[in-house]
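Input: a single structure, listed below in structure tokens.
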Amino acid sequence: MTIEKREAKIPANTDPLTNGSGAAAILSAGIGAFLLGLLSIVADKVASLKYLFVFYQPTGPLSGVTTMAIVAWLLAWAILEMRWRKRNVNLTRISAAAFLLLGLSLLLTFPPIAELF
Amino acid sequence: MEITAQGLWTLIHGMGFGGLYLLACSGALVELYHRYSPTGEGPVSSRDESFLRAYLIVMSALAWLAVLSGTYIIYPWYRAVPPAGTSIAAAFPQLLLKSSPSTSGWHSLGMEWKEHVAWLTPISITMAAAVVLKYGHNLRSHPQLRAAVLCFTVVSFLAAGVACFFGAMLVMHAPVEGGRVIHLMDGN
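These protein sequences, in sequence, are chains A and B.
Going by the working numbering, the residue at position 34 of the first sequence is 34; the numbering climbs one at a time, nothing skipped.
If you want the working numbering, it's the 1-based position in the second sequence plus 117.
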């Protein structure tokens, strides 16, 4: 009887590790990578914005582009983690979106493609 | 045998942080692909799991050190503008490369690509490390997560490869040199 009572107090491990945290990390990495590519083009092509990206003069606009992309990535990660950490989400769609963003970032950082804008 | 302070920093950035990162990539890819496969044989031991976690944390640190040293220490020397009246282009790598059609591509394609694409490396590998830290051996029961981590790690390897290749080419055509001269040893 005592053993049964003790066992009853220990909750069964019915809550397996959800995929939400992993999905949040993957999608936010895709977002951060994409923003890096996008901001690098904006800083290069929009003369009026170029100087806004100069956070550290010796490095020039690259300092602002990378800092803003990293901050946006970490913010997106924190927000998605808070929303998804206890849930199972559709990882197929989220991975596809993350890969698309990552692929776009690779294209946008490639100078011959960046020159098209 | 001597090396300048700027040359030493370039060496630490490229061969230290960047080169070590590239070498480490193959190990991480093999571990993630082989040991964490859903069809992997035998359980993943806690020792192996701890090893991969530490390995990915070190890789993330290397990636961050590489991009931060490159962006905030080496790049300002590379893009420095010579004072008015200076005619020695050799001390200003970007100017030197752009001064000739035969070398300008190393800047317009090489450096322009390298300075941005390199940043995909720390983003990707930090994500991979965080997922492995969180899930550990449970990645075997999350094959899609494992596949995504593998893909991002491959991209981090490619991005680091591009950065290292162009870094080596840029050093070959217009080395970043200057600052205090460090005497290493006497020759014969």
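Just so you know, even glycine gets a beta-carbon here, dropped at the ideal spot from N, CA and C.
- One thing to note: A/F55 has its Cβ within 8 Å of the Cβ of A/S63.
- Inclusion of B/A180 and B/I299 in the CB contact set at 8 Å is not warranted, their separation being larger than that value.
- Excluding sequence positions up to five before and after B/L140, its CB lies less than 6 Å from no other CB in the same chain.
- Only those residues of the stretch 212-240 of chain B whose C-beta falls short of 7 Å from the nearest C-beta of chain A are listed: S225, L226, E229, W230, E232, H233, V234, W236, L237, I240.
- Around B/V198, no beta-carbon contact reaches into chain A at under 7 Å, the shortest distance being about 10 Å.
- Taking all protein chains in view, the Cβ of B/M118 is surrounded by fewer than 16 other Cβ atoms within 10 Å, so the residue is classified as exposed.
- Closer than 7 Å at the C-beta level to chain A, one finds these residues of the stretch 171-200 of chain B: T188, Y189, Y192, P193, R196.
- Against chain A, the CB of B/A280 has no partner CB under 8 Å away; the residue lies outside that interface.
- Across the stretch 258-283 of chain B, CB contacts with chain A closer than 7 Å involve H259, Q261, L262, A265, C268, F269, V272, in sequence order along the chain.
- For B/E229, the uninterrupted alpha helix (DSSP H) segment begins and ends at 229-234.
- By the C-beta density criterion, A/S105 is buried, having at least 16 other C-beta atoms within 10 angstroms.
- Cβ neighbours of A/S21 within its own chain (closer than 8 Å, five residues either side excluded): E81, W84, R85.
- Taking a C-beta distance under 8 Å as the contact criterion, B/E232 and A/P111 do not qualify as a contact pair.
- Contact between A/F99 and A/K45 does not hold, since their C-beta atoms are separated by about 26 Å, which reaches or exceeds 8 Å.
- Bounds of the alpha helix (DSSP H) holding A/V42 are 20-45.
- The residues L139, in chain order, have a CB closer than 7 Å to that of B/G278 in the same chain once the five nearest residues on each side in sequence are set aside.
- A distance below 8 Å separates the beta carbons of B/P239 and B/S177.
- If you draw a straight line from the Cα of B/H254 to the Cα of B/M132, it is about 32 Å long.
- At a cut-off of 8 Å between C-beta atoms, A/N88 does not count as an interface residue with respect to chain B.
- Here B/E166 is buried. Its C-beta has 16 or more other C-beta atoms within 10 Å.
- Per DSSP, A/I113 is one residue of the alpha helix (DSSP H) stretching across 111-114.
- The C-beta of B/A207 comes no closer than 8 Å to any C-beta of chain A.
- About 13 Å separates the CB atoms of B/P199 and B/A291; that is not less than 8 Å, and the two are not in contact.
- Note that the C-beta distance between A/I31 and A/A78 is not below 8 Å.
- Spanning the alpha carbons of A/A25 and B/M244 requires a straight line of approximately 6 Å.
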